[in-house]
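The structure is reproduced here in C-alpha cells:
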C-alpha cells in the first residue's frame, strides 16, 4: 500500500503525552495537510513519522514498519524540509543542494547537473556559487527545498512512492513563493509521490490539501477533504476562536478569521 | 513537473565566485609545502649541519666521506625525528580542530580552547605522578603507550562532559561550550597542580619537561605511537567527511539524509580525544593550531570536509614544523617552547576572528 499511517501513536516528553493515540493516514498521490493550533502536536507527529523522535504505537511507511528501515533506506524513501535550517559553515548553495544528491542509498546514478536543475525548479538558477549565508530567509528555505528535492527526485522508486514531508515550509516565504512551493508539492503528488505538510494557513490548506488532518491536544480532531473538515463547528472547537469558512465558486473552501472583540468596520462606525 | 513560476526574475541577480582556489590544487600545493617546510626545518638550527649533504648521502650521491659524522648524527638523530613528530602532531591538532568544529557545528570549537587539551594534560600528569605507584606490569611493557593512553582518557572524559553540558536537543550553545571549557580547563589545571605538589623530584622534572610543550623530546618510539593513533584516526575520516558536511545543517537534517548521527558523534569524540591525547602526551600543550588552520582553509577552499580534512592535516603539519624551526633558531643556541610560538601567532588571529564574528557570535 502506498501510504504512511500511524496506529495509536503516543509520544511523551517526560510525563506529558504530546501525541496521545494518533491514527493518521496519508496517501501517495495526495497532498496531506496537518493543521491545528500551537502545541497540538503537529510538528511532533511529523518528527515521529520522520523517525526523529521515539514513539510507541505503529508507524507504517509503504506497508513496512518505520523501525524496519535503516537510516539510509529511509533517506532514500522520504525527505524532510524543516521550517528553518541553519547552516553552520560557509557552504555554497551548490554544495548544500549536492548533499541531497548523495543522501540515502542512491541506486540511480544522479548527475551533478541535477543541482542546477533543482535550483531552476525553485527559482534560484545561477545561485550555485553563492554562499548560503548571503541569502535572504526565503531564498535559504528554497535552497533547502532544492536539496530535499534532489534527495527524492523521482516521485516513485522501486520501493514504492517517495515522500516529501514538510514542517511549516512556507513560514519564511512571501505569498508568491508560498504558492510556488505548494504548486511544486502538488505536482510532486500528482506525479505519484506523497506529500505531508504541516500548515498554519487554513486557506492554503484548503487550496492545496487533498486530505486535511486537524490536530487538537495531541489527537486527531478531524480528518478528510477540506470541505468536510473545515466546517464552522469543527474549527470553533479546534481553534477556539471565531472562523468563517465559506465556499467561493471559483475557489472552493476559504476561511475568514474574525476579531473576537468586534468587527473592524463596526469599531470605526462607533467613533 | 513545473518549475517555480519566478525563475526569470531571479536570474537577473548576478552570482559571485566565492571560492578563490580549487581544493585539489590547494592540496597539491600543501603537499609541496610540507616538503619545503620539512627541508627548512632539517636545515635550520644551531648547528650548520647541511641537510642537503645528508640527503645526498642518503641517496648515495657524492663522496662517501664528504659528510661529517657529526652532521649526520644531528640531522638523522635530532632533526629528522623532530620534523616527523612535528608533521604528525600538527596534523593531529589541526584535524581534531576540524572534527570538533564539525560536531559542535561551530568554527570556534577547538580542543585547546574547550579544555580537552587540559583534560588530556591532567591524564598525562596523573600517569607521570601516580603511574609508578600503580606498579602494573603492563605499564612497564607499554611504557610508550601509557602516557598517550592516560592523556586519551583524560581528553575523552573532558569531551564527553563538554558535549553533555553544551549540547541540548542537538543544539550546541557556543557560549556554554566555551564557558564550560574554561571551567573544565581550570579544574584540570587545579588537579594537575595538586599532582605537581605531590610529585617527587624526578617526577617533577618529567612533568616540567613535558608540560613546556616541545617537539624536543621526539624519539622514534614516541613517533611510532603518535603515527599509529594518527593513522587509525585518519583512516576513519573519509567515512566521516560526508556525515560532517550533512551535520552542518543540524542533527535532524543529517538524520533525514540518512547519516547515523549518534554513531558519527561518538566516533568523532573518540577520534578528537585520541588525537588530542596523543599530541599532548608526546609534545605537551601546543595551542591554536586546531583553530587557525581550519579557518584559513575554509576561507581558501571552503568547508567541504572531504577536502578540508586532508588539507588541514597537511597545513597543520607544515605550520607546526615551521613554528618548530622558529622556536629552535630565534634564541639559538637556546630554544623556545613551541607552544609560545603558536600562541604568539595564533592568539591574535583568534582575536581577529572574534572581532570579525562579533555580531554573529552574540554570546
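Chains as they are written, first to last, in my numbering: chain C, 9 to 279; chain A, 8 to 370. Every residue, glycine too, gets a C-beta built ideally from N, C-alpha and C. Computed from a predicted model, the values in this text were never measured in an experiment.
Please classify residue i: does DSSP put it in a helix, a strand, or coil?
i, result
"residue 312/A", "helix"
"residue 252/A", "helix"
"residue 77/C", "coil"
"residue 356/C", "Residue 356/C lies beyond the residue range present for chain C, which begins at 9 and ends at 279; the question has no answer from this structure."
"residue 335/A", "helix"
"residue 254/C", "strand"
"residue 165/C", "strand"
"residue 66/C", "strand"
"residue 100/C", "strand"
"residue 245/A", "helix"
"residue 168/A", "helix"
"residue 156/C", "helix"
"residue 144/C", "coil"
"residue 115/C", "Only weak support exists for where residue 115/C lies, its pLDDT of 48 falling under 50; the coordinates are left without a value."
"residue 138/C", "coil"
"residue 286/A", "helix"
"residue 11/C", "strand"
"residue 1/A", "Residue numbering for chain A in the displayed model covers 8 to 370; residue 1/A lies beyond these limits and cannot be assessed."
"residue 35/C", "strand"
"residue 112/A", "coil"
"residue 239/C", "coil"
"residue 134/A", "helix"
"residue 340/A", "coil"
"residue 52/A", "coil"
"residue 355/A", "helix"
"residue 60/C", "coil"
"residue 295/A", "coil"
"residue 176/C", "coil"
"residue 29/A", "coil"
"residue 21/A", "Reliability fails at residue 21/A, whose pLDDT of 40 lies under 50, so the model's placement of it is uncertain and no value is given."
"residue 370/A", "Reliability fails at residue 370/A, whose pLDDT of 38 lies under 50, so the model's placement of it is uncertain and the value that follows must be treated cautiously. Looking at residue 370/A - three-state DSSP - the assignment turns out to be coil, as it is neither helix nor strand."
How long is the line joining the alpha carbons of residue i and residue j, rounded to whole angstroms?
i, j, result
"residue 207/C", "residue 254/A", "26 Å"
"residue 341/A", "residue 335/A", "7 Å"
"residue 86/C", "residue 273/A", "26 Å"
"residue 115/C", "residue 252/C", "Low confidence applies here, because residue 115/C scores a pLDDT of 48, under 50, leaving its location unreliable and the question unanswered by this model."
"residue 90/C", "residue 107/C", "15 Å"
"residue 226/C", "residue 29/C", "8 Å"
"residue 86/A", "residue 78/A", "10 Å"
"residue 130/A", "residue 202/C", "54 Å"
"residue 51/A", "residue 230/A", "21 Å"
"residue 176/C", "residue 265/C", "20 Å"
"residue 12/C", "residue 178/C", "22 Å"
"residue 344/A", "residue 147/C", "50 Å"
"residue 305/A", "residue 79/C", "29 Å"
"residue 363/A", "residue 354/A", "14 Å"
"residue 291/A", "residue 214/A", "10 Å"
"residue 101/A", "residue 238/A", "14 Å"
"residue 21/C", "residue 313/A", "37 Å"
"residue 23/C", "residue 17/C", "16 Å"
"residue 175/A", "residue 51/C", "18 Å"
"residue 216/C", "residue 111/A", "39 Å"
For residue i, write down the residues that DSSP places opposite it in a beta bridge.
i, result
"residue 222/C", "43/C, 230/C"
"residue 19/C", "27/C"
"residue 171/C", "86/C, 202/C"
"residue 277/A", "Its beta-bridge partners do not exist; DSSP assigns none."
"residue 265/C", "251/C"
"residue 72/C", "69/C"
"residue 260/C", "256/C"
Worksheet item: For the stretch 278 to 310 of chain A, which residues have a CB atom closer than 8 Å to at least one CB atom of chain C, in sequence order?
Response: Hits within the stretch, in order: 305, 309, 310.
Fill in: Residues in the stretch 87 to 100 of chain C having any Cβ partner in chain A nearer than 7 Å
If the cut-off is 7 Å between Cβ atoms, the stretch 87 to 100 of chain C has 87, 88, 90, 93, 94, 95, 96, 97, 98, 99, 100 near chain A.
Discussion item. Would you call the stretch 122 to 135 of chain C in contact with the stretch 143 to 161 of chain C, where contact means no fewer than 3 C-beta pairs closer than 8 Å?
Written reply: A contact exists between the stretch 122 to 135 of chain C and the stretch 143 to 161 of chain C.
Practice prompt. Determine which residues of the stretch 233 to 259 of chain A have a Cβ less than 7 Å from any Cβ of chain C, and write them out in chain order.
Written response: 249, 252, 253, 255, 256, 257, 259
Item to complete: Taking a Cβ distance cut-off of 7 Å, strictly less, list which residues of the stretch 236 to 248 of chain C are near chain A, in chain order.
Response: Answer in chain order: no residues at all.
Fill in: chain C contacts made by the stretch 340 to 361 of chain A, where a contact means CB separation under 9 Å
none
Worksheet entry | Contact the stretch 182 to 189 of chain A vs the stretch 113 to 133 of chain A: 3+ CB pairs below 8 Å | Enough Cβ pairs lie closer than 8 Å, so yes.
Worksheet entry | Proximal residues, the stretch 95 to 112 of chain A versus chain C, C-beta separation under 7 Å | 112
Worksheet item: Three or more C-beta pairs closer than 8 Å, one from the stretch 205 to 225 of chain A and one from the stretch 308 to 323 of chain A: is that the case here?
Response: no
Discussion item. Can you confirm whether the stretch 86 to 102 of chain A touches the stretch 256 to 275 of chain A when touching is taken to mean that 3 or more C-beta pairs between the two stretches lie within less than 8 Å?
Written reply: no
Worksheet item: For the stretch 321 to 331 of chain A against the stretch 262 to 273 of chain A, are there 3 or more C-beta pairs whose distance is under 8 Å?
Response: Flag = no, the stretch 321 to 331 of chain A and the stretch 262 to 273 of chain A do not touch.
Discussion item. Assess contact between the stretch 227 to 242 of chain C and the stretch 62 to 77 of chain C, defined as three or more Cβ pairs (one per stretch) separated by less than 8 Å. Is contact present?
Written reply: no
Item to complete: Could you list the residues in the stretch 317 to 337 of chain A with a C-beta less than 7 Å from some C-beta on chain C, going in chain order?
Response: none
Worksheet item: In chain order, what residues of the stretch 38 to 66 of chain C put their CB closer than 7 Å to some CB of chain A?
Response: 58, 60
Discussion item. At a CB distance below 9 Å, what residues from the stretch 162 to 187 of chain C approach chain A? Give them in sequence order.
Written reply: 163, 173, 184, 185, 187
Worksheet item: How do the stretch 233 to 244 of chain C and the stretch 64 to 73 of chain C stand: do at least 3 beta-carbon pairs fall below 8 Å, yes or no?
Response: no
Item to complete: Check whether the stretch 33 to 53 of chain C touches the stretch 161 to 175 of chain C, taking contact to mean three or more Cβ pairs, one atom from each stretch, closer than 8 Å.
Response: yes
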